[in-house]
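Engineer: If you read the sequence shown in my numbering, its first letter stands for residue -4, the second for the next number, and so on.
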Amino acid sequence: MTDSPAPFVARAAGWPLEVVLAVGYAVLAAGGCAAALAVPAAHGDVRVGLMVIAVGVYAAWAAHLVAALCIAAVGWCVATAFLLGNGGALALDGAPAALRLAALLAAAVAGSGIAWAARSHALSR
């Protein structure tokens, strides 16, 4: 049996936290720019949805729950301030802001859970 390369999931499991966070910030910048350029400002929920997907994929790659939660929190700030047409001002709007935060945190936890499951499956072989 030959060793196969590590899957995409949990690829950064052994990396230092600082490096994993730096990659996460780059993912947020790229995801935010892509969402802002690809989706009209009138569809803010779609823009936030793209950020949720980016955070979930990042969390699965990073395999580090703390890093994923930090990136989700910063992603919430990016989505609230820039993607919803607030011109960079972090304007809180009650329940919708809490729902956006919950969605991003859930994506971080789900992605980290997928990474944990993939890593434990790979170790059990």
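The beta carbon of each residue, even a glycine, is placed where N, CA and C say it ideally should be. From a predicted model like this one, the values you see are computed outputs, not experimental measurements.
#1: Should Gly70 and Leu23 be called a contact, given that it needs their Cβ atoms to be closer than 7 Å?
#2: Helix, strand or coil for Arg95, going by three-state DSSP, please let me know.
#3: Count the other CB atoms within 10 Å of the CB of Val41; is the residue buried (16 or more) or exposed (fewer)?
#4: Does the distance from the CB of Ala54 to the CB of Ser107 come in under 7 Å?
#5: Three or more C-beta pairs under 8 Å: does that hold for the region 73 to 91 against the region 50 to 64?
#6: Give me, in chain order, the residues of the same chain whose beta-carbon lies closer than 8 Å to that of Tyr20; leave out the 5 immediate sequence neighbours on both sides.
#7: Identify, in the order they occur along the chain, each residue of the same chain with its Cβ nearer than 7 Å to the Cβ of Ala76, setting aside the five sequence neighbours on each side.
#8: Express the C-alpha separation of Arg120 and Gly39 in angstroms, rounding to a whole number.
#9: Give the range of the alpha helix (DSSP H) segment to which Trp10 is assigned.
#10: For the alpha helix (DSSP H) that contains Ala62, what are its first and last residues?
#11: Considering only C-alpha positions, which residue in the set Ala97, Ala58, Val34 and Ala98 is nearest to Arg114?
Structural biologist: Walking through what the data contain:
#1: yes
#2: helix
#3: exposed
#4: yes
#5: no
#6: Ile66 and Val69
#7: Gly83, Ala84 and Leu85
#8: 44 Å
#9: First-last for Trp10: undefined, no H or E at that position.
#10: Leu60 to Val73
#11: Ala58
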